[in-house]
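Chemist: Residue numbering for the sequence shown follows UniProt numbering, beginning at 1 and increasing consecutively.
Cβ atoms here follow ideal geometry from the backbone N, Cα and C, with glycine treated the same way.
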Amino acid sequence: MSEISRSQAHAHRDAGTAPRGPGGPGGPHGAAGAARVVAGHTQGGHGRPRVGGSLAVGELVQAALPLIADWLPGQRWYAGKGQAITGLRPLTATPLLTGDPAMVHLLLQVEHGGGADLYQLLLGLRTEPPPSLLPEASLGSLSHGPYDGAALYDAVHDPELMSRLLGHLATADRFGPLAFRRTPGPGLPSDLLGRAGTAEQSNTSVIYGTSFILKLFRRISPGTNPDLELSLALSRAGSTRIPRVAAWFESRLVGAEPATLGLLQRFLPDAEDGWELALDQVARLKGDPSPGNFAVEAHRLGRATAEVHRVLARALPVAKLDREQTGRLATAMAERLDVAAAAVPALRRYRPALHAAFRQLTADHLTGLTVQRIHGDLHLGQAMRTPHGWVLLDFEGEPAKSVAERRVPQPALRDVAAMLRSFDYAAAHLLAGAEPDPQLAHLAASWAARNRTAYCAGYTAAGGTDPAGCPELLRALEIDKAVYEVVYEARHRPGWLPIPLTAIHRLATAT
Numbered sequence: 001m002s003e004i005s006r007s008q009a010h011a012h013r014d015a016g017t018a019p020r021g022p023g024g025p026g027g028p029h030g031a032a033g034a035a036r037v038v039a040g041h042t043q044g045g046h047g048r049p050r051v052g053g054s055l056a057v058g059e060l061v062q063a064a065l066p067l068i069a070d071w072l073p074g075q076r077w078y079a080g081k082g083q084a085i086t087g088l089r090p091l092t093a094t095p096l097l098t099g100d101p102a103m104v105h106l107l108l109q110v111e112h113g114g115g116a117d118l119y120q121l122l123l124g125l126r127t128e129p130p131p132s133l134l135p136e137a138s139l140g141s142l143s144h145g146p147y148d149g150a151a152l153y154d155a156v157h158d159p160e161l162m163s164r165l166l167g168h169l170a171t172a173d174r175f176g177p178l179a180f181r182r183t184p185g186p187g188l189p190s191d192l193l194g195r196a197g198t199a200e201q202s203n204t205s206v207i208y209g210t211s212f213i214l215k216l217f218r219r220i221s222p223g224t225n226p227d228l229e230l231s232l233a234l235s236r237a238g239s240t241r242i243p244r245v246a247a248w249f250e251s252r253l254v255g256a257e258p259a260t261l262g263l264l265q266r267f268l269p270d271a272e273d274g275w276e277l278a279l280d281q282v283a284r285l286k287g288d289p290s291p292g293n294f295a296v297e298a299h300r301l302g303r304a305t306a307e308v309h310r311v312l313a314r315a316l317p318v319a320k321l322d323r324e325q326t327g328r329l330a331t332a333m334a335e336r337l338d339v340a341a342a343a344v345p346a347l348r349r350y351r352p353a354l355h356a357a358f359r360q361l362t363a364d365h366l367t368g369l370t371v372q373r374i375h376g377d378l379h380l381g382q383a384m385r386t387p388h389g390w391v392l393l394d395f396e397g398e399p400a401k402s403v404a405e406r407r408v409p410q411p412a413l414r415d416v417a418a419m420l421r422s423f424d425y426a427a428a429h430l431l432a433g434a435e436p437d438p439q440l441a442h443l444a445a446s447w448a449a450r451n452r453t454a455y456c457a458g459y460t461a462a463g464g465t466d467p468a469g470c471p472e473l474l475r476a477l478e479i480d481k482a483v484y485e486v487v488y489e490a491r492h493r494p495g496w497l498p499i500p501l502t503a504i505h506r507l508a509t510a511t
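(1) Using 10 angstroms around the beta-carbon of GLN265, count the other beta-carbons present and answer buried if the total reaches 16, otherwise exposed.
(2) Evaluate HIS492 with the Cβ neighbour count: other Cβ atoms within 10 Å of its Cβ, from every protein chain shown; 16 or more gives buried, anything less gives exposed.
(3) Give me the DSSP bridge partner(s) of PHE212.
(4) Can you have a look at ALA170 and say buried or exposed, based on whether 16 or more other CB atoms are within 10 angstroms of its CB?
(5) Going by the CB atoms, is the gap between ARG241 and LEU420 shorter than 8 angstroms?
(6) For GLU276, which of helix, strand or coil comes out of DSSP?
(7) Alpha helix (DSSP H) containing THR331: first to last residue?
(8) Round the Cβ separation of GLY464 and THR305 to the nearest angstrom and send it over; I've been treating them as touching at under 8 angstroms.
(9) How big is the Cα-Cα spacing for LEU378 and VAL308?
(10) Specify, as a first and last residue, the run of the alpha helix (DSSP H) that PRO95 falls within.
(11) Can you tell me where the alpha helix (DSSP H) holding residue 512 begins and where it ends?
(12) Who pairs with ILE220 in a beta bridge, going by DSSP?
(13) Does DSSP put HIS29 in a helix, in a strand, or in coil?
(14) Looking only at its own chain, which residues have a Cβ that is under 8 angstroms from the Cβ of PRO159, when we skip the five neighbours before and after it?
(15) Could you say which of GLU335, LEU347, GLY381, THR460 lies nearest to ARG359 if we only look at CA atoms?
(16) Does DSSP put PHE395 in a helix, in a strand, or in coil?
(17) Which of the three DSSP states is assigned to VAL403 in this structure?
(18) What are the boundary residues of the beta strand (DSSP E) that includes residue 512?
(19) Kindly list the residues whose CB is nearer than 7 angstroms to the CB of ASP466, restricted to its own chain and excluding five residues on each side of it in sequence; keep chain order.
(20) With a threshold of 6 angstroms on Cβ separation, who are the neighbours of ARG450 within its own chain once the five nearest residues in sequence on each side are excluded?
(21) For GLN410, count neighbouring Cβ atoms within 10 angstroms of its own Cβ and tell me buried if that reaches 16, exposed if not.
(22) For HIS505, which of PRO494, TYR488, ARG475 has the nearest alpha-carbon?
(23) Any idea what DSSP makes of HIS112, helix, strand or coil?
(24) Within the continuous beta strand (DSSP E) that includes ARG493, where are the two ends?
(25) Output the distance between the C-alpha atoms of ARG452 and SER422, rounded to the nearest integer angstrom.
(26) So ARG96 packs on LEU165, CB below 8 angstroms; how close in whole Å?
(27) Using the C-alpha atoms, what's the distance from ALA278 back to ASP288?
(28) Enumerate in chain order the residues of its own chain whose CB-to-CB distance from ARG36 is below 6 angstroms, with the five nearest sequence positions on each side excluded.
(29) Quick one, which of GLN120, ASN203, MET103, LEU152 has its alpha-carbon nearest HIS168's?
(30) Alpha carbon to alpha carbon, how far is LEU228 from GLY262?
(31) Considering GLU128, what are the terminal residues of the beta strand (DSSP E) in which it resides?
(32) So, are the CB atoms of ALA356 and LEU347 less than 8 angstroms apart?
(33) Using a Cβ-Cβ cut-off of 8 angstroms (strictly less than) and excluding sequence neighbours within five positions of THR509, which residues of its own chain qualify?
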């Protein structure tokens with residue numbers, strides 16, 4: 001996926017973020033407090049690195065903190081880029097393997113000028129680094145303490161250590177605050193080597209052969225991650241529209257909600273990325289005005305989306321919004337628009353028309369609007385075509401929102417609106433950075449319109465709310481998504497800003 005959330009989605013092709021953790025004072029490198037060491041004891045002595053035997057976890061973590069502070073800002077999943085780290089505070093340090101190699105699970109509070117975030121690290125330790133270790137996975141050599149000279153690295157890049165992690169999931173182990181859990185069904189293999197995915201993501205994926213994929217959440221928040229919650233609900237209901245959940249693990253700190261750390265699902269080795277399929281079709285427009293009927297796939301994808309929504313509505317609570325609640329929904333959209341218009345001047349000319357569109361949500365016939373749990377960040381890059389039909393991935397929700405916000409029930413048409421925006425993005429991808437070509441622009445717009453229509457028809461045919469029956473709601477939700485896109489593109493890809501602005505113009509002038 002090459003649009004707003006591309007960096008998040010593709011665990012299954014090549015294999016979000018969460019709110020800040022608890023704040024607290026403290027100087028650099030953990031002066032605010034020591035880690036809760038779950039196992040291990042102090043081991044004195046210096047000289048040649050000694051990794052075997054008992055693990056002096058506390059000393060290891062303290063020696064590792066300077067290396068972590070240097071390594072962390074360079075990681076794709078690190079959210080504090082551009083902000084100086086003012087403190088590192090280990091909350092828990094849990095040995096998962098002792099000896100040579102060793103592996104330690106670390107929950108680390110990272111303090112910076114904007115607050116504090118909680119991260120999950122898996123530290124590998126060997127006398128000598130693995131021969132195939134990628135440079136970006138190495139944290140360096142420890143320079144003092146009992147492990148002076150030992151190699152410290154990101155354990156997700158060590159196939160042997162990832163095999164051990166799979167073993168803990170297979171046997172539903174418990175290590176101090178870490179609880180490994182399995183779903184009922186056939187046993188999991190415990191001897192598969194794991195390889196880290198190479199996709200640039202805000203989480204980390206580990207692939208086990210052609211059978212399983214483990215998503216490791218890096219930035220951690222208390223509570224059940226929506227990806228686990230919704231994927232479990234769909235798996236337990238027997239849905240074939242997601243990769244089945246096999247296991248997960250979580251941290252249970254005293255006095256805090258369990259925090260989801262990792263999710264193991266079936267791998268889809270024969271799946272094709274929906275975003276790439278769409279781009280391939282659009283690219284052919286340059287030589288063939290009718291390069292194939294992707295609308296058939298769009299219709300099937302609409303059906304798959306409706307099926308997922310129906311299962312979620314049965315498995316999890318739904319509600320109906322009264323007039324006041326619907327008004328709050330409209331107000332929230334209007335407030336996001338105002339913030340965006342202050343940041344991106346090109347939006348300001350459209351504010352009156354867009355505000356009027358949001359006010360239409362308070363019409364009498366929209367009172368009693370049903371809300372439910374939804375995907376929350378749906379687009380073509382979150383959809384995979386398999387030999388058995390379309391499958392949806394990554395139910396984390398919009399990464400910029402907190403876990404609590406992502407768990408709030410929403411109109412199901414919010415997912416539909418997001419997918420409609422994705423068809424626009426796929427079509428506009430052909431034109432980005434190219435010389436103006438009115439004929440090609442017309443072909444791309446027609447392609448998007450055909451697939452938007454087909455997707456909505458498929459959604460309705462499978463029992464979803466007919467988008468044509470709620471034009472005010474669908475328009476408002478599309479506007480809300482496009483406003484988000486405008487801000488994103490203005491900040492990160494100014495050359496792509498015309499894509500959402502074109503949609504804003506269309507939606508603002510619609511009658």
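Modeler: Here's the rundown:
(1) As a first step, residue 265 must be located in the sequence shown, where it is residue number 265. Buried is the call here.
(2) Taking the first residue of the sequence shown as position 1, residue 492 is located at position 492. So HIS492 ends up on the exposed side.
(3) Position 212 of the sequence shown holds residue 212. Per DSSP, TYR208, ARG266.
(4) Translated into the one-based positions of the sequence shown, residue 170 becomes position 170. When all chains shown are included, ALA170 counts as buried.
(5) Translated into the one-based positions of the sequence shown, residue 420 becomes position 420. Translated into the one-based positions of the sequence shown, residue 241 becomes position 241. Against a cut-off of 8 angstroms, the Cβ pair of ARG241 and LEU420 comes out as no contact.
(6) Position 276 of the sequence shown, counted from the start, is the residue given in the question as residue 276. Of the three classes helix, strand and coil, the one that applies to GLU276 here is helix, per DSSP.
(7) Position 331 of the sequence shown holds residue 331. Per DSSP, THR331 belongs to the alpha helix (DSSP H) from 323–343.
(8) For the purposes of this step, residue 464 is identified with residue 464 of the sequence shown, where counting begins at 1. For the purposes of this step, residue 305 is identified with residue 305 of the sequence shown, where counting begins at 1. Between THR305 and GLY464 the Cβ distance is about 7 angstroms, and since that is below 8 angstroms, they are a contact.
(9) As a first step, residue 378 must be located in the sequence shown, where it is residue number 378. As a first step, residue 308 must be located in the sequence shown, where it is residue number 308. Spanning the two alpha carbons is a distance of roughly 12 angstroms.
(10) Here the question's residue 95 lines up with position 95 in the sequence shown. It is not in any alpha helix (DSSP H) - PRO95 instead sits in the beta strand (DSSP E) that spans 85–97.
(11) Nothing can be reported for residue 512, as the shown portion of the chain is limited to 1 through 511.
(12) For the purposes of this step, residue 220 is taken as the residue at position 220 of the sequence shown. Beta-bridge pairing links ILE220 to LEU118.
(13) The sequence position of residue 29 within the sequence shown is 29, counting from 1. Low confidence applies here, because HIS29 scores a pLDDT of 29, under 50, leaving its location unreliable; read the following figure in that light. If DSSP states are grouped into helix, strand and coil, HIS29 belongs with coil.
(14) For the purposes of this step, residue 159 is identified with residue 159 of the sequence shown, where counting begins at 1. The answer, listed in chain order, is LEU193, GLY194, ARG195.
(15) Sequence index remark: in the sequence shown, residue 359 carries index 359 (1-based). Among GLU335, LEU347, GLY381, THR460, the Cα nearest to that of ARG359 is on GLU335.
(16) Here residue 395 refers to the residue found at position 395 when the sequence shown is read from its first residue. PHE395 falls in the coil class under three-state DSSP.
(17) Counted from its first residue, the sequence shown places residue 403 at position 403. VAL403: helix per DSSP, three-state reduction.
(18) This structure cannot speak to residue 512, because the chain is shown only from 1 to 511.
(19) The residue given as residue 466 occupies position 466 in the sequence shown. Taken in chain order, the residues that qualify are THR460.
(20) Position 450 of the sequence shown, counted from the first residue, corresponds to residue 450. Cβ neighbours of ARG450 beyond the five flanking positions: ALA295.
(21) For the purposes of this step, residue 410 is identified with residue 410 of the sequence shown, where counting begins at 1. Burial call: buried.
(22) By 1-based counting over the sequence shown, the position of residue 505 is 505. Closest by alpha carbon: ARG475.
(23) Within the sequence shown, the letter at position 112 stands for residue 112. Here HIS112 sits in strand by DSSP.
(24) Counting from 1 along the sequence shown, the entry for residue 493 is found at position 493. First-last for ARG493: undefined, no H or E at that position.
(25) Against the sequence shown, residue 452 aligns to sequence position 452. Against the sequence shown, residue 422 aligns to sequence position 422. Whole-angstrom Cα-Cα distance: 9 angstroms.
(26) Your numbering for residue 96 matches position 96 in the sequence shown. Your numbering for residue 165 matches position 165 in the sequence shown. According to the sequence as given, residue 96 is Leu; it is not Arg. With 8 angstroms as the limit, LEU96 and LEU165 qualify as a contact, their Cβ atoms being about 7 angstroms apart.
(27) Locating residue 288 in the sequence shown gives position 288, where the first residue counts as 1. Locating residue 278 in the sequence shown gives position 278, where the first residue counts as 1. Taking the straight line joining both Cα atoms gives about 15 angstroms.
(28) Here residue 36 refers to the residue found at position 36 when the sequence shown is read from its first residue. Confidence is the limiting factor: at ARG36 the pLDDT is only 49, short of 50, which leaves the residue's position unreliable, though a coordinate-based value still follows. Contacts found: THR92.
(29) Taking the first residue of the sequence shown as position 1, residue 168 is located at position 168. Considering only alpha carbons, the answer is MET103.
(30) Residue mapping note: residue 228 aligns to position 228 of the sequence shown, counting from 1. Residue mapping note: residue 262 aligns to position 262 of the sequence shown, counting from 1. Going by the C-alpha atoms only, they are around 9 angstroms apart.
(31) Residue mapping note: residue 128 aligns to position 128 of the sequence shown, counting from 1. Counting along the chain, GLU128 falls outside any beta strand (DSSP E), and DSSP gives it neither H nor E.
(32) Stepping through the sequence shown from its first residue, residue 356 is reached at position 356. Stepping through the sequence shown from its first residue, residue 347 is reached at position 347. No. Outside cutoff.
(33) Your numbering for residue 509 matches position 509 in the sequence shown. Around THR509: ALA353.
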